[in-house]
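Chains as they are written, first to last, in our numbering: chain H, 170 to 450; chain R, 170 to 450; chain F, 170 to 450; chain L, 170 to 450.
Report on the structure given below.
Number of protein chains: 4
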Amino acid sequence: MKGISFNTWAYSSFPVWVPSYPLEEVIRRLASFGYDAIEIGCASPHAWPAALTPERRKDILQLLRKERLAVSSMLPAPGGGPGNNPSSPVVEERALTVEHYKDILRLAHDWECPTVIYLPGWAVFGTSQSDAWSHSLEALTGLAPYAKELGITLVVEPTPTDSNLVDSADDALMLAEQSGQDNVKVMFDTFHALYRNEVASDYVYRMGDKLHHIHLADSDRLPPGMGRCDMEAVLKALKETGYSGYLTAEVGFDKRAGEPDWYAKETIAYLQSVLKKHDWR
Amino acid sequence: MKGISFNTWAYSSFPVWVPSYPLEEVIRRLASFGYDAIEIGCASPHAWPAALTPERRKDILQLLRKERLAVSSMLPAPGGGPGNNPSSPVVEERALTVEHYKDILRLAHDWECPTVIYLPGWAVFGTSQSDAWSHSLEALTGLAPYAKELGITLVVEPTPTDSNLVDSADDALMLAEQSGQDNVKVMFDTFHALYRNEVASDYVYRMGDKLHHIHLADSDRLPPGMGRCDMEAVLKALKETGYSGYLTAEVGFDKRAGEPDWYAKETIAYLQSVLKKHDWR
Amino acid sequence: MKGISFNTWAYSSFPVWVPSYPLEEVIRRLASFGYDAIEIGCASPHAWPAALTPERRKDILQLLRKERLAVSSMLPAPGGGPGNNPSSPVVEERALTVEHYKDILRLAHDWECPTVIYLPGWAVFGTSQSDAWSHSLEALTGLAPYAKELGITLVVEPTPTDSNLVDSADDALMLAEQSGQDNVKVMFDTFHALYRNEVASDYVYRMGDKLHHIHLADSDRLPPGMGRCDMEAVLKALKETGYSGYLTAEVGFDKRAGEPDWYAKETIAYLQSVLKKHDWR
Amino acid sequence: MKGISFNTWAYSSFPVWVPSYPLEEVIRRLASFGYDAIEIGCASPHAWPAALTPERRKDILQLLRKERLAVSSMLPAPGGGPGNNPSSPVVEERALTVEHYKDILRLAHDWECPTVIYLPGWAVFGTSQSDAWSHSLEALTGLAPYAKELGITLVVEPTPTDSNLVDSADDALMLAEQSGQDNVKVMFDTFHALYRNEVASDYVYRMGDKLHHIHLADSDRLPPGMGRCDMEAVLKALKETGYSGYLTAEVGFDKRAGEPDWYAKETIAYLQSVLKKHDWR
Numbered sequence: 170m171k172g173i174s175f176n177t178w179a180y181s182s183f184p185v186w187v188p189s190y191p192l193e194e195v196i197r198r199l200a201s202f203g204y205d206a207i208e209i210g211c212a213s214p215h216a217w218p219a220a221l222t223p224e225r226r227k228d229i230l231q232l233l234r235k236e237r238l239a240v241s242s243m244l245p246a247p248g249g250g251p252g253n254n255p256s257s258p259v260v261e262e263r264a265l266t267v268e269h270y271k272d273i274l275r276l277a278h279d280w281e282c283p284t285v286i287y288l289p290g291w292a293v294f295g296t297s298q299s300d301a302w303s304h305s306l307e308a309l310t311g312l313a314p315y316a317k318e319l320g321i322t323l324v325v326e327p328t329p330t331d332s333n334l335v336d337s338a339d340d341a342l343m344l345a346e347q348s349g350q351d352n353v354k355v356m357f358d359t360f361h362a363l364y365r366n367e368v369a370s371d372y373v374y375r376m377g378d379k380l381h382h383i384h385l386a387d388s389d390r391l392p393p394g395m396g397r398c399d400m401e402a403v404l405k406a407l408k409e410t411g412y413s414g415y416l417t418a419e420v421g422f423d424k425r426a427g428e429p430d431w432y433a434k435e436t437i438a439y440l441q442s443v444l445k446k447h448d449w450r
Numbered sequence: 170m171k172g173i174s175f176n177t178w179a180y181s182s183f184p185v186w187v188p189s190y191p192l193e194e195v196i197r198r199l200a201s202f203g204y205d206a207i208e209i210g211c212a213s214p215h216a217w218p219a220a221l222t223p224e225r226r227k228d229i230l231q232l233l234r235k236e237r238l239a240v241s242s243m244l245p246a247p248g249g250g251p252g253n254n255p256s257s258p259v260v261e262e263r264a265l266t267v268e269h270y271k272d273i274l275r276l277a278h279d280w281e282c283p284t285v286i287y288l289p290g291w292a293v294f295g296t297s298q299s300d301a302w303s304h305s306l307e308a309l310t311g312l313a314p315y316a317k318e319l320g321i322t323l324v325v326e327p328t329p330t331d332s333n334l335v336d337s338a339d340d341a342l343m344l345a346e347q348s349g350q351d352n353v354k355v356m357f358d359t360f361h362a363l364y365r366n367e368v369a370s371d372y373v374y375r376m377g378d379k380l381h382h383i384h385l386a387d388s389d390r391l392p393p394g395m396g397r398c399d400m401e402a403v404l405k406a407l408k409e410t411g412y413s414g415y416l417t418a419e420v421g422f423d424k425r426a427g428e429p430d431w432y433a434k435e436t437i438a439y440l441q442s443v444l445k446k447h448d449w450r
Numbered sequence: 170m171k172g173i174s175f176n177t178w179a180y181s182s183f184p185v186w187v188p189s190y191p192l193e194e195v196i197r198r199l200a201s202f203g204y205d206a207i208e209i210g211c212a213s214p215h216a217w218p219a220a221l222t223p224e225r226r227k228d229i230l231q232l233l234r235k236e237r238l239a240v241s242s243m244l245p246a247p248g249g250g251p252g253n254n255p256s257s258p259v260v261e262e263r264a265l266t267v268e269h270y271k272d273i274l275r276l277a278h279d280w281e282c283p284t285v286i287y288l289p290g291w292a293v294f295g296t297s298q299s300d301a302w303s304h305s306l307e308a309l310t311g312l313a314p315y316a317k318e319l320g321i322t323l324v325v326e327p328t329p330t331d332s333n334l335v336d337s338a339d340d341a342l343m344l345a346e347q348s349g350q351d352n353v354k355v356m357f358d359t360f361h362a363l364y365r366n367e368v369a370s371d372y373v374y375r376m377g378d379k380l381h382h383i384h385l386a387d388s389d390r391l392p393p394g395m396g397r398c399d400m401e402a403v404l405k406a407l408k409e410t411g412y413s414g415y416l417t418a419e420v421g422f423d424k425r426a427g428e429p430d431w432y433a434k435e436t437i438a439y440l441q442s443v444l445k446k447h448d449w450r
Numbered sequence: 170m171k172g173i174s175f176n177t178w179a180y181s182s183f184p185v186w187v188p189s190y191p192l193e194e195v196i197r198r199l200a201s202f203g204y205d206a207i208e209i210g211c212a213s214p215h216a217w218p219a220a221l222t223p224e225r226r227k228d229i230l231q232l233l234r235k236e237r238l239a240v241s242s243m244l245p246a247p248g249g250g251p252g253n254n255p256s257s258p259v260v261e262e263r264a265l266t267v268e269h270y271k272d273i274l275r276l277a278h279d280w281e282c283p284t285v286i287y288l289p290g291w292a293v294f295g296t297s298q299s300d301a302w303s304h305s306l307e308a309l310t311g312l313a314p315y316a317k318e319l320g321i322t323l324v325v326e327p328t329p330t331d332s333n334l335v336d337s338a339d340d341a342l343m344l345a346e347q348s349g350q351d352n353v354k355v356m357f358d359t360f361h362a363l364y365r366n367e368v369a370s371d372y373v374y375r376m377g378d379k380l381h382h383i384h385l386a387d388s389d390r391l392p393p394g395m396g397r398c399d400m401e402a403v404l405k406a407l408k409e410t411g412y413s414g415y416l417t418a419e420v421g422f423d424k425r426a427g428e429p430d431w432y433a434k435e436t437i438a439y440l441q442s443v444l445k446k447h448d449w450r
């Protein structure tokens with residue numbers, strides 16, 4: 170595995186407005202806790218592409234290098250004003266969503282980030298699942314070559330907790346396969362697997378060599394090891410299947426009452442202790 | 170009072186992705202339940218300005234007229250990818266937020282909507298409250314003349330549940346007053362007053378003739394009358410102070426499990442029964 | 170609509186062992202409560218096909234006629250010893266499942282029952298969803314002509330609460346369509362729609378003229394009208410879309426503490442009152 | 170004691186459909202966790218007798234030997250479609266139940282399993298307890314010689330949580346004694362003792378040298394040591410009374426949300442630590 174990464178939602182204004190920290194502050198804090206990498210969500214005040222001038226992008230890159238923090242991955246904020254739903258029945262929304270993904274891919278390239286998460290969207294009332302699926306597949310198929318030129322892998326994530334389209338490991342695998350492009354892979358989030366009451370380690374074996382990225386989060390978006398997920402079994406499965414990506418935690422962003430630093434520190438302490446116990450690193 | 174209105178968040182993809190309905194469907198449903206007006210949140214798939222072509226804007230207006238549904242008010246979706254935080258420390262985000270409000274004001278004008286809600290934002294870590302306040306005041310002061318030309322009133326809303334800047338009735342009154350412009354008024358949401366454990370009807374008397382709009386929502390974002398808020402006292406206060414705006418409910422949007430129609434139908438049944446009981450209409 | 174029906178699970182030894190009543194007792198009780206029909210689950214001590222001699226089948230039919238109770242529908246008990254999973258990786262289990270459905274179809278014919286529910290099964294670990302889907306489609310495609318000869322319609326039910334294969338309205342529609350046979354339709358259970366946090370009345374509109382049967386159950390398998398489901402909206406949608414099947418309640422069978430008569434009586438009282446209020450019958 | 174065993178329900182499609190694993194997978198996993206034995210429930214996709222060809226039975230036996238895992242015990246799945254209630258008022262169901270037990274006894278013999286659990290059933294409404302008891306005793310008395318020829322012991326289990334016939338230690342002892350055959354013994358499940366608010370270790374002393382098998386499960390079907398049962402007292406009583414059977418855990422099968430591996434691993438870790446602490450092995 171490449172190292173341990175932490176997702177920025179808990180530090181940004183999405184989806185809850187506060188607490189919220191400037192990106193520079195988040196980079197310095199995560200580095201100080203011992204993280205190898207950061208997963209940057211494209212929301213204000215961190216990384217809404219149109220709000221980032223070329224100068225600021227360069228400054229951020231320099232800070233990342235100085236703090237020896239890699240950008241493991243990036244992703245859009247779904248469901249806010251713009252929606253960013255590639256399965257929307259509104260053709261203009263779909264077109265804007267594709268443009269937004271291109272903005273994110275360029276930003277990822279600027280920050281030497283190798284992986285961008287693709288959220289397949291959801292079926293709005295009146296749209297059949299097959300039409301929604303087709304819309305999403307079309308968007309993904311169009312984006313993949315653009316990503317490839319920039320050296321970026323797109324990873325499809327099932328999000329059953331929030332959506333109604335790509336719900337399972339197999340749904341994600343099927344969408345990726347139908348795209349027919351080799352820089353499209355899959356990922357999953359243990360929290361979403363728990364929502365379906367499925368066994369998270371089973372997902373690792375099911376996705377096998379298509380598994381390019383992972384979100385670790387326990388029940389209630391708690392730090393790994395604090396809920397009902399058998400997180401050691403997930404890590405063992407990753408080891409056994411030869412997973413070579415980052416261990417990325419996406420936790421603590423769902424309520425204002427959470428203190429982001431607590432989530433970040435508990436997460437890395439737990440992950441490091443398990444990896445050390447089994448000598449898995 | 171002008172009539173009863175219902176906010177669209179519960180029917181849109183903000184903040185939870187599903188259930189989500191096309192705007193046309195929402196207009197027809199609310200009209201069929203007996204509503205006089207609709208409050209349109211500017212989120213997909215309903216009303217993200219850049220996704221609405223001139224033709225579609227006209228079609229929506231015609232449908233509104235056919236269904237005899239007025240647009241009581243409009244507002245942006247805060248905290249998604251773009252943030253829309255006029256108090257942000259990021260100058261580019263502030264500029265984009267002002268542009269977004271202008272887009273909304275033009276869209277409101279297209280749909281003959283007289284009122285746009287102004288959400289003052291929140292202080293990001295490292296920004297002092299006085300700086301955040303200044304940023305927000307500057308944005309508001311710049312927007313008011315633009316709104317005035319289009320015949321639109323801006324109403325400042327305190328949002329303590331989600332933010333940390335304009336938390337109380339007095340905060341909102343102060344910001345409106347400091348703008349120095351007569352098309353800037355205030356509003357409040359009973360749900361936010363409950364969050365501070367304040368008495369909602371007191372807000373009506375405190376805001377008095379500056380109160381231009383209101384959000385009715387009971388505890389847990391339930392329909393009015395189903396929670397711990399003394400909603401009859403609020404309606405009585407509105408009657409006594411001569412409130413002449415819409416009664417707008419903003420409920421049921423905070424969790425996926427909510428069925429929007431249930432919220433809309435329970436809300437209008439309750440409000441009509443109270444108004445009828447006291448012959449307040 | 171054809172009338173009101175009640176499912177027998179709550180009175181049988183499946184899935185909880187007690188309370189359990191002989192089928193004759195259940196028929197007499199449901200008729201005495203005013204039901205038009207009964208949905209018979211094929212579990213002991215009621216209707217395990219191999220335990221029903223020709224004489225007993227005739228006696229039951231005579232009793233049904235005497236009590237003027239139609240058999241609205243029948244279905245197998247999934248997940249017990251035999252499994253009855255048409256998507257199983259074990260070829261012998263799949264073959265036995267098909268034989269079991271044929272037994273049920275013949276029993277349905279003996280009792281003049283026009284509709285048999287098809288439960289598509291679930292993917293066992295190590296079986297991909299596409300393989301599981303293919304297995305289930307093959308079973309369904311083989312059964313449909315057999316059912317047709319007996320004058321029976323098969324209805325595909327999505328069961329997301331318990332399974333991982335046919336989870337949504339669209340999944341059921343797709344499986345039915347892929348079977349390519351006109352006596353294969355769909356149904357849904359409001360309880361399962363709630364599990365996905367979807368809006369039950371939306372399912373009625375989505376399934377439209379393919380909707381041949383329905384299970385009414387409120388949250389926690391409560392009688393209709395006692396939970397968080399907007400049951401009036403479901404009934405209204407059925408009326409608007411011209412649904413011509415039975416209103417069948419499948420409630421109160423998930424825990425030993427439930428008293429079956431209470432569920433049956435509360436259910437019919439509620440449904441009759443709503444139908445009468447709107448003059449929908 | 171002979172060693173530690175784990176019951177397969179949590180890995181099968183009974184009583185909840187998923188998660189579900191092929192039997193071969195379960196054998197390999199339990200062996201890898203350090204188990205000495207497996208208790209195989211006769212449900213799909215594992216061990217429904219009619220779905221197991223002679224070849225597959227041999228393959229399973231070879232795998233068991235290769236993984237050095239003994240089959241401690243077997244049992245039927247009660248309450249599914251066939252019912253398997255030896256106390257049923259339906260004579261055909263009783264006959265099928267006896268046949269099913271014979272199928273299980275032959276399968277147990279094929280897999281070198283020395284013990285089969287006898288579940289005495291439950292009284293259906295309209296059947297007196299004395300009639301139900303007589304039915305069950307007749308079935309047991311008929312089965313015992315058949316089991317004896319195959320070298321198998323039948324153990325009567327009280328199941329008050331689910332049934333209403335053999336509820337206590339003394340009920341089980343009485344039924345076994347009335348059978349008048351020396352290969353009929355008794356067992357109990359700590360979970361069922363807790364349901365009656367009885368002291369589990371008292372059952373060990375009460376059953377004494379008739380106690381041939383045991384199910385360890387804490388409150389809420391949690392792994393031993395995680396609930397309100399004084400499990401160390403149970404183990405101490407087993408040691409003192411010279412119990413020579415397996416310690417078999419039957420846990421985690423009652424809800425979809427459970428991860429079987431977690432239950433299996435927590436169980437063996439706890440049991441090994443207690444045995445080691447007291448040097449009881």
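Beta carbons are placed, not taken as given, at the ideal position from N, Cα and C, and that holds for glycine.
Chain H residues whose Cβ lies nearer than 8 Å to that of residue i
{"i": "Met343 of chain F", "result": "Gln298 and Ser299"}
{"i": "Ala426 of chain L", "result": "Leu363, Asn366 and Arg397"}
Per-residue DSSP class, three states only, for residue i
{"i": "Tyr190 of chain F", "result": "coil"}
{"i": "Lys271 of chain R", "result": "helix"}
{"i": "Tyr412 of chain H", "result": "coil"}
{"i": "Ile321 of chain L", "result": "coil"}
{"i": "Tyr204 of chain L", "result": "coil"}
{"i": "Ala220 of chain H", "result": "helix"}
CA-to-CA distance, residue j to residue i, given in whole angstroms
{"i": "Gln441 of chain H", "j": "Leu385 of chain H", "result": "13 Å"}
{"i": "Arg450 of chain L", "j": "Asp399 of chain L", "result": "19 Å"}
{"i": "Tyr190 of chain H", "j": "Ala402 of chain H", "result": "34 Å"}
{"i": "Leu416 of chain R", "j": "Pro327 of chain R", "result": "17 Å"}
{"i": "Ala308 of chain H", "j": "Pro314 of chain H", "result": "11 Å"}
{"i": "Ser257 of chain H", "j": "Ala216 of chain R", "result": "13 Å"}
Under 9 Å by beta carbon: chain L residues contacting residue i
{"i": "Asn253 of chain H", "result": "By Cβ distance, chain L contributes nothing, its closest Cβ being about 31 Å from Asn253 of chain H, past 9 Å."}
Assigned exposure category for residue i - 16 Cβ within 10 Å defines buried
{"i": "His381 of chain H", "result": "buried"}
{"i": "Lys354 of chain L", "result": "buried"}
Proximity of residue i and residue j at Cβ, strictly below 8 Å
{"i": "Tyr180 of chain L", "j": "Pro429 of chain L", "result": "yes"}
{"i": "Ile173 of chain F", "j": "Ile383 of chain F", "result": "no"}
Proximal residues of chain F, C-beta to C-beta of residue i below 9 Å
{"i": "Cys282 of chain L", "result": "Chain F residues near Cys282 of chain L: none, gap ~17 Å exceeds 9 Å."}
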